[in-house]
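Chemist: Encoded as structure tokens, here's the structure I'll be asking about.
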Amino acid sequence: MAGHSKWANIQHRKGRQDEKRGAAFSKLAKEITVAAKMGGGDPGFNPRLRLAVDKAKGVNMPKDKIDNAIKKGTGELEGVSYEEIRYEGYGIGGSAVMVDCLTDNKTRTVADVRHAFSKYGGNMGTDGCVSFQFKHCGQLLFAPGTSEDALMEAALEAGAEDVVTNDDGSIEVITGPWEFTTIKEALEKAGFSAEFGEVTMKPENVIELAGDEAVRMQKLLDALEGLDDVQEVYTSAEIDE
Numbered sequence: 001m002a003g004h005s006k007w008a009n010i011q012h013r014k015g016r017q018d019e020k021r022g023a024a025f026s027k028l029a030k031e032i033t034v035a036a037k038m039g040g041g042d043p044g045f046n047p048r049l050r051l052a053v054d055k056a057k058g059v060n061m062p063k064d065k066i067d068n069a070i071k072k073g074t075g076e077l078e079g080v081s082y083e084e085i086r087y088e089g090y091g092i093g094g095s096a097v098m099v100d101c102l103t104d105n106k107t108r109t110v111a112d113v114r115h116a117f118s119k120y121g122g123n124m125g126t127d128g129c130v131s132f133q134f135k136h137c138g139q140l141l142f143a144p145g146t147s148e149d150a151l152m153e154a155a156l157e158a159g160a161e162d163v164v165t166n167d168d169g170s171i172e173v174i175t176g177p178w179e180f181t182t183i184k185e186a187l188e189k190a191g192f193s194a195e196f197g198e199v200t201m202k203p204e205n206v207i208e209l210a211g212d213e214a215v216r217m218q219k220l221l222d223a224l225e226g227l228d229d230v231q232e233v234y235t236s237a238e239i240d241e
């Protein structure tokens with residue numbers, strides 16, 4: 001059993017992501033380009049690219065934009081060379097924060113991230129200061145009322161790492177990061193459609209924030225997510241609405 005507010009918290013996060021759908025196109029294009037450059041342009045043989053393309057399709061990114069991003073990665077089209085960087089730090093209430101970036105100007109990016117941390121009450125830390133508190137994995141969330149026994153059987157048969165029932169009745173299926181899409185598709189064939197799913201850095205323990213602390217933490221997360229060079233922001237904070 002785990003977090004009583006898991007369902008509401010993830011629904012809230014999904015809603016905020018949907019609001020930012022338009023701005024997501026440029027960030028998704030970066031991820032697709034880097035994935036194609038590192039592992040080739042065929043999603044069937046490049047798990048990272050497959051995840052990026054699936055995510056792009058999930059927000060209705062036009063096919064030509066996806067194709068162009070792949071071609072930039074494989075060198076068929078001229079494109080910018082991006083560097084992957086992760087910054088770590090602390091948010092409100094001692095919550096852990098990790099910020100994944102793709103940038104063509106590291107000096108600009110570190111200055112922007114540091115400024116966001118300091119302006120909104122956080123502290124930028126050193127490499128490795130909080131990353132040990134997170135697990136790289138796939139996460140599928142199923143609505144309260146889903147048959148726990150049937151979902152667990154299907155998930156474990158598909159190769160999932162764990163199945164967790166939360167206090168609010170929602171059920172999480174945890175997968176390896178590169179097995180996420182395969183397991184998601186297997187569960188859909190078995191009749192289980194997740195309300196929310198992503199490959200993420202899942203905190204091992206959460207810090208629940210409410211009231212003023214929750215408002216301040218949300219401002220910090222919004223500031224970091226709004227930076228052009230920031231791809232993903234992960235936190236151990238669970239914000240109570």
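In UniProt numbering, the protein residues as written are 1 to 241. Ideal Cβ placement from N, Cα and C applies to all residues, glycine included. All values derive from a computational prediction rather than experimental measurement.
Suppose the cutoff is 8 Å on Cβ atoms and the five residues either side in sequence are ignored; what does the same chain contact list for R216 look like?
Modeler: Here residue 216 refers to the residue found at position 216 when the sequence shown is read from its first residue. Same-chain partners within the cutoff: I92, Y120, G121.
Chemist: Quick one: is N205 buried, meaning 16 or more other Cβ sit within 10 Å of its Cβ, or exposed?
Modeler: As a working note, residue 205 is residue 205 in the sequence shown. Exposed.
Chemist: Considering A52, what are the terminal residues of the alpha helix (DSSP H) in which it resides?
Modeler: On the sequence shown, position 52 is the one that residue 52 refers to. It spans 47-58 - the alpha helix (DSSP H) in which A52 sits, taken as one unbroken run.
Chemist: Rounding to the nearest angstrom, what Cα-Cα distance links L156 and S193 in this structure?
Modeler: The residue labelled residue 156 in the question sits at position 156 within the sequence shown. The residue labelled residue 193 in the question sits at position 193 within the sequence shown. So the alpha carbons of these two residues sit roughly 16 Å apart.
Chemist: Taking all protein chains shown into account, decide if P144 is buried (16 or more other Cβ within 10 angstroms of its Cβ) or exposed.
Modeler: For the purposes of this step, residue 144 is taken as the residue at position 144 of the sequence shown. It counts as exposed.
Chemist: Closer than 8 Å is the cut-off here; do at least three beta carbon pairs connect the stretch 196-213 with the stretch 65-77?
Modeler: Contact between the stretch 196-213 and the stretch 65-77 is absent, because fewer than three Cβ pairs lie under 8 Å.
Chemist: If you drop the 5 nearest sequence neighbours on each side, which residues of the same chain put their C-beta closer than 8 Å to that of E84?
Modeler: Looking up residue 84 in the sequence shown gives position 84. V34, D100, C101, L102.
Chemist: Given that a residue counts as buried once 16 or more other Cβ atoms are within 10 Å of its Cβ, and exposed if not, what is P47?
Modeler: Locating residue 47 in the sequence shown gives position 47, counting from the first residue. Answer is buried; the Cβ neighbour count reaches 16.
Chemist: Three-state secondary structure (DSSP) at M1?
Modeler: Looking up residue 1 in the sequence shown gives position 1. Legend: pLDDT at M1 = 38, less than 50; position of this residue unreliable, no value from coordinates given.
Chemist: What do you get for F132, buried or exposed, if any count of 16 or more other CB atoms within 10 angstroms of its CB means buried?
Modeler: Residue mapping note: residue 132 aligns to position 132 of the sequence shown, counting from 1. Flag for F132 reads exposed.
Chemist: Are the CB atoms of G128 and P177 nearer to each other than 7 Å?
Modeler: The sequence position of residue 128 within the sequence shown is 128, counting from 1. The sequence position of residue 177 within the sequence shown is 177, counting from 1. No.
Chemist: Which parts of the UniProt domain "TACO1/YebC-like second and third" (82-236) are runs of the alpha helix (DSSP H), unbroken and 4 residues or longer, counting only runs that do not cross its ends?
Modeler: Runs of the alpha helix (DSSP H) inside the UniProt domain "TACO1/YebC-like second and third" (82-236): 106-119, 148-158, 180-189, 211-225.
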